[in-house]
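In the working numbering, the protein residues as written are 8 to 202.
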């Protein structure tokens with residue numbers, strides 16, 4: 008236990024400078040009789056959305072998709088759909104039956120705001136909003152036009168500034184910080200022994 012604590016104490020400063028990219032997430036939308044919860048899903052590229060049908064009315068299915076030309080089907084180019092979503096399935100007799108549909112957004116060409124249609128088997132339609140944003144990571148990079156790396160243009164070199172501290176003072180500061188770190192480790196291990 009003490010070894011883990013000491014390793015953690017030394018690892019925290021190393022990890023504090025690391026950045027993490029967006030982890031893909033799955034958002035769930037509950038498909039009800041006359042609405043969806045939530046009515047609008049906001050996603051980032053590499054996320055997915057899952058539509059789950061909980062409309063228990065007999066012989067009613069939902070089909071969620073993008074109908075670009077408004078012709079009431081999802082069969083045209085660049086259109087897509089879930090296929091019929093049932094409330095429950097007899098998987099023994101109907102292996103194609105499904106109660107949920109997951110759509111993955113792993114292509115930047117899908118960035119945008121969409122109004123999907125939920126076409127019910129009784130002829131009604133519910134609008135479903137879907138917003139897909141880019142996964143943006145801000146990086147520290149030079150501005151456009153600035154030099155990055157080995158540039159052979161004329162560069163102005165700044166004069167090196169000398170520290171007003173002597174080597175002895177620097178050594179004493181380093182020794183003091185080392186002693187403080189050691190005292191912190193000893194204090195933590197003492198506390199852990201008493202627990």
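Built from N, CA and C at the ideal position, the CB exists for glycine as well.
- In the structure shown, the three-state DSSP call for residue 174 is helix.
- Between the region 38–49 and the region 95–105 there are fewer than three C-beta pairs closer than 8 Å, too few to call the two in contact.
- Contact annotation, residue 122 with residue 136: C-beta distance approximately 6 Å; criterion of less than 8 Å satisfied.
- Pairing residue 127 with residue 37 gives a Cβ-Cβ distance that is not under 8 Å.
- For residue 135, the enclosing beta strand (DSSP E) begins and ends at 132–140.
- Bridge partners of residue 48 according to DSSP: 137.
- Annotation for residue 109: 55, 57 place their beta carbon closer than 6 Å to its own, counting only its chain and skipping 5 residues before and after.
- In the DSSP assignment, residue 109 falls within the beta strand (DSSP E) that extends over 107–111.
- If the five residues before and after residue 113 are omitted, its C-beta is found closer than 6 Å to the C-beta atoms of 53, all from its own chain and listed in chain order.
- For residue 124 and residue 139, the gap between their C-alpha atoms comes out near 16 Å.
- Cβ-Cβ separation between residue 59 and residue 106: approximately 7 Å, consistent with a contact (criterion under 8 Å).
- Distances from the CA of residue 96 to each of 62, 141, 191 were compared; the closest alpha carbon is that of 62.
- Under the three-state reduction of DSSP, residue 192 is assigned to helix.
- At a cut-off of 4 residues, not a single continuous stretch assigned as alpha helix (DSSP H) sits fully inside the region 77–104.
- Boundaries of the beta strand (DSSP E) harbouring residue 35: 33–38, taken from the DSSP string.
- The Cβ-Cβ distance between residue 92 and residue 70 falls below 8 Å.
- The C-beta of residue 89 has 16 or more other C-beta atoms within 10 Å across all chains shown, which makes the residue buried.
- Its chain contains 51, 52, 115, 118 as the residues whose beta carbon lies nearer than 8 Å to that of residue 141, once the 5 sequence neighbours on both sides are disregarded; these appear in chain order.
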